[in-house]
Structures are given as C-alpha cells and as structure tokens.
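Asks: Numbering (full-length UniProt numbering), first residue to last: 1 to 262.
1) Determine whether the beta carbon atoms of residue 214 and residue 232 lie at a separation below 8 Å.
2) Does the beta-carbon of residue 240 have 16 or more other beta-carbons within 10 angstroms, so that it is buried, or is it exposed?
3) Evaluate the contact criterion for the stretch 216-236 versus the stretch 161-173: three or more CB pairs, one atom per stretch, below 8 Å.
4) Under a Cβ-count criterion, where at least 16 other Cβ atoms within 10 Å of its own Cβ denotes burial, should residue 116 be classed as buried or exposed?
5) Can you tell me the Cβ-Cβ gap for residue 225 and residue 147, rounded? I've got them flagged as a contact below 8 Å.
6) Within the same chain, show all residues whose beta-carbon is closer than 7 Å to that of residue 157, passing over the 5 residues directly before and after it, in chain order.
7) Quick check: the Cα distance between residue 164 and residue 53, rounded to an integer number of angstroms?
8) Can you give me the C-alpha to C-alpha distance between residue 174 and residue 160, rounded to a whole angstrom?
9) Which residues mark the beginning and the end of the beta strand (DSSP E) in which residue 232 is found?
10) For residue 251 and residue 47, I'd like the C-alpha separation in whole angstroms.
11) To the nearest angstrom, how far is the alpha carbon of residue 127 from that of residue 56?
12) Give the secondary structure of residue 126 by DSSP, where H, G and I count as helix, E and B as strand, and everything else as coil.
13) Run through DSSP, which three-state label would residue 146 get?
14) I'd like the list of long-range same chain contacts for residue 234, defined as Cβ closer than 6 Å, with 5 residues on each side in sequence excluded.
15) If you reduce the DSSP assignment to three classes, tell me which class residue 137 lands in.
16) In this structure, does DSSP put residue 170 in helix, strand or coil?
17) Can you give the Cα-Cα distance for residue 186 and residue 258, rounded to whole angstroms?
18) From residue 137 to residue 19, what distance separates their C-alpha atoms?
19) Keeping to the same chain, check which residues put their C-beta closer than 6 Å to that of residue 183; ignore five residues upstream and five downstream.
20) As a quick exercise: from 212, 42, 44 and 17, pick the residue whose alpha carbon is nearest that of residue 152.
21) Please name the residue, chosen from 208, 249, 143 and 135, that lies closest to residue 154 on a Cα-to-Cα basis.
22) Please report the straight-line C-alpha distance between residue 134 and residue 208, rounded to a whole angstrom.
23) For residue 188, which residues in the same chain have their Cβ closer than 6 Å to its Cβ, ignoring the five residues on either side in sequence?
24) Exposed or buried, what is residue 14 when buried is set at 16 or more other beta-carbons lying within 10 Å of its beta-carbon?
25) Per DSSP, which one or two residues make a beta bridge with residue 164?
26) In whole angstroms, what is the alpha-carbon distance linking residue 43 and residue 49?
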C-alpha cells in the first residue's frame, strides 16, 4: 500500500501524513460513518475536474517552450487528490476487506438487535458478501475451522439471501416464498454466545432419521402467538453445533433435515 500511494502521488509517507492531518484540522462538517452509494463516483468526478482545471490553467499561462513543466504541474494536483481520496476511502466507515486464505470477503459491521419473523437475534454480527450458499460453506470452514454442514435438499422456491458472522458462529439466511429459513453453524464451545428468543411455545417433537449422518434427529414444532408454525432441529457432532430453523411446511422441513450432510 505504501508503494501504491508513493507511486500515484509522488509524496513520501510523512508528506501524505502531513497532508491528511492538515485536512483533518479543517473546519468542515463531519463525514457520516456510512458512505453514500455514489461516494466513489463523486470522488472520481472531483479528481477529473481538478485535473481538467489544472491542465487548462497551464495552457493559458505558460509559454510553449515550458510544455514539459506544464505536464508535471498538471498531473501533480490530481495525483495528490487521488492519494488523499484513496486514504479517505480506506478509512471511511461501513466495511473493510479481510483476506482469508486466497479468498477475500467484504464485511459490513452491524451491532444492533435484529427482529426477523418474531425471532430476536441479540448478537453483534457482520454481514459478509458471498455469491450463494457454496461460498458461505467455504466461509464457515475457513472462519470456524469446522466441517460445514450442507443442505442436500432445498424446496423449489428456496433462495439464499445472506450470511453473517459473529463471535464463533456463522448465520445463513434463506427464504422460501415469503417464509424465512435460518441455518446457524458454530464451534461447540460454551464461550460461543449465539442466542435468540421468540414468542413461541413448543407444541411437539418429531423424530426423523438422517442416513447421511447416521443419526436420529428431533424436530421441534413451535407455535407463535400469531399462529405461525416454526420447525427447528439442532445437531452436535465432531466438536461443532448446527441449528436449522424454518417456517416452511412440515413435510418440506423434514426433507431438509433428512438431507443434511457433512
């Protein structure tokens, strides 16, 4: 990164630090922690305008035999602005790039309480940009160092929505039509604090056999105050904990549980 800033600006590390500190001391409105969606386009447009103004100014004021110096001056302003813009982008709140092995994931911090389909998730979680559940499974293996449990069966209308990470766990969300499905995977450790609560009561337990895991599994049927039904199963194996929660039809949820595999 130091070499990149040096190349595009012609400044040393100390020069850039002095420029940035001077900019911080200016009496300007505080930037919000969440950059606007078009922040990059605004910075780039400003760079282009600064560059064009510098070049036009040189053409009007300098003689023809000073063309070499004109080019140097014309580039100086926009390169410095580009360097400062790059620093600002890197330091702006809202997300950070984290390298994991040979793959990079984009994390967006969130520290609020999430209320979703009457389930309250009260843990700090970071949303991670991935392309589908297969990348989410890879993230689980890299982040938690456990073997990810996979959904071998998914209803026709079931779609992956997002994945979020917390301290020792990964939370995947799917939808099936207008209903939500959650798949939480974590290390089986008492220090892992992934908690949720709901307004439901356990109505009954349904037993199924999973031939891939060679395990008898229990499905809890829960009834919410608004009469919606939720199904849930929990599995602890090989030092890891897995929890599947769904608001789909009972038959579909049973097929999902029967198809879980490592």
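The beta carbon of each residue, even a glycine, is placed where N, CA and C say it ideally should be.
Replies: The relevant details are as follows:
1) no
2) buried
3) no
4) Bear in mind that the predicted position of residue 116 carries a pLDDT of just 47, short of 50, making it too unreliable to give a figure here.
5) The pair is not a contact, with the Cβ atoms about 37 Å apart (cut-off 8 Å).
6) 176 and 177
7) 45 Å
8) 4 Å
9) 229-237
10) 58 Å
11) 45 Å
12) strand
13) coil
14) 243
15) helix
16) strand
17) 20 Å
18) 44 Å
19) 172 and 244
20) 212
21) 249
22) 26 Å
23) 236, 239, 240 and 241
24) exposed
25) 127 and 171
26) 10 Å
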